[in-house]
């Protein structure tokens, strides 16, 4: 069978997909195996055996009825706040980034303020935000949005600034209107860097979600971790860490799927740049 036939390409793609799947689960499997045998028979309450952690994972988080379980009471509010805060950061970062990246005078005017605020760690703003927003959901969402907006904003600015000048001149020569230029040139041209910033922002949003819930919350994963720590329920605390890590993996997979669809043209462009490899 020729290596260039459609069947050969399908088989090669299937083999590559299987190899990627193996690599994806290999390191977690090795780490879990090491953790299992290293902690087996542990009597240290601070380092419980993995078997005990997994037992708590099912008994603490997935009690009956499911609608009253800790999973629903803690995970659902956390993920909801995370998605809302990340969504706000994404919209603000892209809109402001396109404006600042497009208009040089605006960028020169705002650059000192941007450098000032980006240097402030978002958790430091929590007490200040609490004065205006209280300790309800708005505070946690604001902490996530304020911290996650910077990677998106800065990468969008650089992505817009880095668009090929020839493409800009071509769009001007064809007299493309502002809306068409935005959706046909600016956003696609800055898309790879926008997604780079959004991926970084998603990790930051996860961290800030937990910090905000530990700081001032009555529900959520961060609040559950703080409660378990205060009551010396170490195994339950480790089970919450497993829940948090699992959410991160799922969100990263979903983000990657969206990125592959939206930037499919960009991967094709890179392949042509490499000579079709």
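In my numbering, the protein residues as written are -11 to 265. Cβ coordinates follow ideal geometry from the N, Cα and C atoms, glycine included.
- Between residue 56 and residue 64, the alpha-carbon positions lie close to 12 Å from each other.
- In the three-state scheme derived from DSSP, where H, G and I count as helix and E and B as strand, residue 217 is classed as helix.
- Spanning the alpha carbons of residue 14 and residue 21 requires a straight line of approximately 11 Å.
- Here residue 201 is buried. Its C-beta has 16 or more other C-beta atoms within 10 Å.
- Per DSSP, the continuous alpha helix (DSSP H) segment holding residue 139 begins and ends at 125 to 149.
- For residue 31, the three-state secondary structure derived from DSSP is coil.
- With fewer than 16 other Cβ atoms from the protein chains shown falling within 10 Å of its own Cβ, residue 249 counts as exposed.
- Sorting 38, 50 and 247 by C-alpha distance to the C-alpha of residue 182 places 247 at the top.
- Of the residues assessed, residue 224 falls on the buried side of the cut-off, its CB having 16 or more other CB atoms within 10 angstroms.
- The DSSP assignment places 209 to 218 as complete runs of the alpha helix (DSSP H) inside the segment 190 to 248, in order along the chain (cut-off: 4 residues).
- If the five residues before and after residue 243 are omitted, its C-beta is found closer than 7 Å to the C-beta atoms of 187 and 190, all from its own chain and listed in chain order.
- Contact between residue 177 and residue 151 holds, since their C-beta atoms are separated by about 4 Å, short of 8 Å.
- Assigned with DSSP and collapsed to three states, residue 109 falls in coil, not helix or strand.
- Look at the beta carbons and you see the segment 59 to 79 not touching the segment 87 to 95: under three pairs across the two are nearer than 8 Å.
- In this structure, residue 227 places its C-beta atom within 8 Å of the C-beta atom of residue 41.
- Out of 157, 111 and 52, the CA that lies nearest to the CA of residue 135 is found in 111.
- Rounded to the nearest whole angstrom, the C-alpha separation of residue 71 and residue 60 is 16 Å.
- Looking at the backbone, the Cα of residue 124 and that of residue 58 are separated by about 19 Å.
- Excluding its 5 nearest sequence neighbours in each direction, residue 130 has C-beta neighbours in its own chain below 8 Å: 73, 117 and 121, listed in chain order.
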